[in-house]
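Residue numbers (our numbering): 42 to 940.
Cβ coordinates follow ideal geometry from the N, Cα and C atoms, glycine included.
All values reported here derive from a predicted model rather than from experimental measurement.
See structure below.
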């Protein structure tokens, strides 16, 4: 806006409600006034100013009439500036008069206008005739939202909180400001362990926030109000259902005003409230009878048209419950299973409890309450036992109890889940073998993985195998294989699985439990090609598998393909499942998101990976193997480092380490986290720490029989630590020989070429990585070839190699890592890993005490670290930390030179 004023004409800001147009306008007018310009404000364009040259008017006509001819004859820099908030409300005559004055070079204009409202002809002609700039003001994206929160809170916000705030506001500046102010005031947004944390709205928002949202919904007609109320209690709503209630025109007008968001999915058109917070506010202010009526109407309409999406049954049942009705037990269980698939575990738990309460004679269900049986785990078990014992359909009630056990696992209540499984399976009720086996599988995995009670899991498994007999034990063998893999007994897992798969015609329930486990174990053992072949054999029959199992199969297929060196086929595999949904309407497994993010990074698109992982870190992983809570955070840290956001990468790495220390894990997840930790350290300048961590990972992985991981770790060391490759080139060759696929060969060739400083060999390695689709590694090898040729005095070949590197980088999606760009510079004052963590947290504005709490050290220790950091970096204050070398390297966005 300042540049537009300097050019003479000015600018008009156009956007939806609440995106910050008025605040931007007021700030720009204040700066113009402070710079000595005469400012004439119209309508709401105002600010706090002591300047004598600022004047306010009620209308544009009054403003223009007050102008003296002598004030309109100066140079462009001295023209009066007219500020107009809500220029779409200006009358036509005043708009045309303003246009004439601006066209004659006598006035400058700064204005705002709503996107959904037509502006007068004179206002539109200003930007159509290029007299002023037309500036679109959009809601904040996730990156901007993070920066705004940091400025407002003065500290780092954890990744799940960022995603929750984004989901609540969709980046609307007004809603974000009001929500953050409300949450801070009421203590739900609070610092914890050195970061700001928010679990979401647990109560209806306060008066001010409600009133701000209500103002955005003023002036609604009767039909518009009815549709807004309907969306508040029953979104998303099919446009066809809205039209059936005579609200089609209301949907169109609300869409134009930006109050309703429209989403197209094939032939289906869905409506939602554009600002998610509006739903909470409107619902909280609605009459209970109105809400009940609307819920019943929508549920009846959805039921009359038949379910079109898998989650439609869940929505119908939920609406009926909220309307005060209690559906049949079978409907409740179908809806609960749908809620589990969508990861809405709190709703699934409520539905299961209602299904159990329905079975209790003489006790009308009260929305899933167990208060009649006491409190805590024992009360839950008493309810389960009593419901099964007194039910007129004990088998159905047992199904509800077993599903409740699975739901509790998803909620992270692992002890409660085990108690419910134990109570239900000990009830002595006959059930189908398949259901029994599935329940035992869920119980065993919970015991072995989440509760670390491997011996108890084995005992449960042995009893179940004896009960079902060898003919029906296939799924339970899959449970045993899964336990072996999570306990780092990969060969045992493969042997168990292949013994069952070799028998021939394997039922789908057995195959979907065994094939992913065996494939992952084989890939980790260094046979990604064989693992890919195994997955391919069963892919054709996977249409009989559960949706989650199909998605997991494709995610693991992609992992095996990129380990084998075929990134393009890996991308095709990830595009195969139809369950992946960008809008999170039908969420994919986290394993799929992690696979997509890793593939994006390998192909040189770290920003795409960051966008995927920001959403993934807010998703609960309690029920999904092999993902742990820290894994997505560590990969996010790696993607941030690769995209040049080094300070945030280090902060996220600290968060991942904290989460990892508090939760359960397994060797494969630990390997992934350790690799990304080393990568982050390397990108942020601590190459010694990165190399040390990567070598530890290589040793640990090799000892555990995971040669592919060990080779990848050695490859990272060779890339980041000059002259280190010659020490383990033979070891790398040995590891590559025990692995299959082009990726292992390329990494071993790269290590050897670096050890020998062979420019031609490095060019061949660059081609190998390029053919795989790994463009960042291809460009890095070409840059290293250029350096090797120059060192050997072969300048022409050096220029040719650099031309190859530049060609690979020409798309702009990736850049050379800092260790390649600055290999000749070296580290003048390297920080230790702990010093880098302290520096990154201090750079965000955190106090020494907050840093001490976050890192579990004393305040004096933090002060000592900062003293050493200042000395090493040559700075004197923490304000300079974000500019210090290695914290946010300036070279990331700068042109890369061959030198």
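6 Å Cβ shell around residue i - same chain, five flanking residues per side excluded
i	result
residue 419	none
residue 793	770
residue 735	719, 754, 757, 758
residue 692	197, 881
residue 62	54, 56, 153, 178
residue 435	429, 470
residue 934	Caution applies to residue 934, whose pLDDT of 35 falls short of 50 and renders its modelled position unreliable; the model cannot decide the point.
residue 215	59
residue 219	250, 253
residue 137	163
residue 789	773, 774, 777
residue 375	354
7 Å Cβ shell around residue i - same chain, five flanking residues per side excluded
i	result
residue 829	798, 799, 800, 803
residue 409	Because the pLDDT of residue 409 is 44, which lies under 50, any placement of that residue in the model is unreliable, and the number read from its coordinates should be weighed accordingly. If we look at residue 409 and ignore the five residues flanking it on each side, its Cβ neighbours are 391, 394, 395, 398.
residue 717	675, 676, 678, 679
residue 601	560, 564, 569, 572, 573, 576
residue 810	787, 818, 819, 822
Residue(s) in a DSSP beta bridge with residue i
i	result
residue 305	310
residue 56	155
residue 97	82
residue 231	238
residue 198	237
residue 51	150
residue 704	Its beta-bridge partners do not exist; DSSP assigns none.
residue 722	According to DSSP, residue 722 bridges with nothing at all.
residue 177	55
residue 746	Its beta-bridge partners do not exist; DSSP assigns none.
residue 329	Beta-bridge pairing links residue 329 to no other residue.
residue 122	80, 149
Cβ-Cβ distance between residue i and residue j below 7 Å
i	j	result
residue 572	residue 560	yes
residue 823	residue 842	yes
residue 280	residue 316	no
residue 526	residue 562	yes
residue 69	residue 139	no
residue 203	residue 193	no
residue 278	residue 318	no
residue 701	residue 668	no
residue 444	residue 472	no
residue 31	residue 484	The structure shown does not extend to residue 31, since the chain is modelled only from 42 through 940, so no value can be given for it.
residue 509	residue 474	yes
residue 574	residue 531	no
residue 275	residue 339	yes
residue 125	residue 51	no
residue 637	residue 615	yes
residue 545	residue 516	no
Beta-carbon proximity list for residue i, same chain, < 8 Å, skipping 5 on both sides
i	result
residue 568	780, 781
residue 259	none
residue 133	161, 162, 163
residue 619	In this prediction, residue 619 has a pLDDT of 45, which is less than 50 and means its spatial position is unreliable; nothing more can be read from the coordinates.
Presumed contact (8 Å Cβ cut-off) between residue i and residue j, rounded CB distance
i	j	result
residue 322	residue 269	The pair is not a contact, with the Cβ atoms about 11 Å apart (cut-off 8 Å).
residue 874	residue 722	6 Å
residue 859	residue 679	Actually they do not touch by this definition, with Cβ atoms about 14 Å apart.
residue 603	residue 640	6 Å
residue 513	residue 478	7 Å
residue 787	residue 752	The pair is not a contact, with the Cβ atoms about 10 Å apart (cut-off 8 Å).
residue 895	residue 236	7 Å
residue 135	residue 101	4 Å
residue 528	residue 495	7 Å
residue 608	residue 594	Between residue 594 and residue 608 the Cβ distance is about 19 Å, and since that is not below 8 Å, they are no contact.
Does the segment 681-695 touch the segment 827-842, meaning 3 or more C-beta pairs lie closer than 8 Å? no
The segment 156-171 touching the segment 72-87, judged by at least three CB pairs closer than 8 Å: no
How do the segment 534-549 and the segment 499-507 stand: do at least 3 beta-carbon pairs fall below 8 Å, yes or no? no
Does the segment 280-289 come into contact with the segment 242-251, if we say contact requires no fewer than three beta-carbon pairs (one atom in each stretch) closer than 8 Å? no
Indicate whether the contact test is met: 3 or more Cβ pairs, each with one atom in the segment 292-303 and one in the segment 351-360, closer than 8 Å. no
With contact counted as at least three CB pairs below 8 Å, one residue from each stretch, are the segment 885-892 and the segment 742-749 in contact? no
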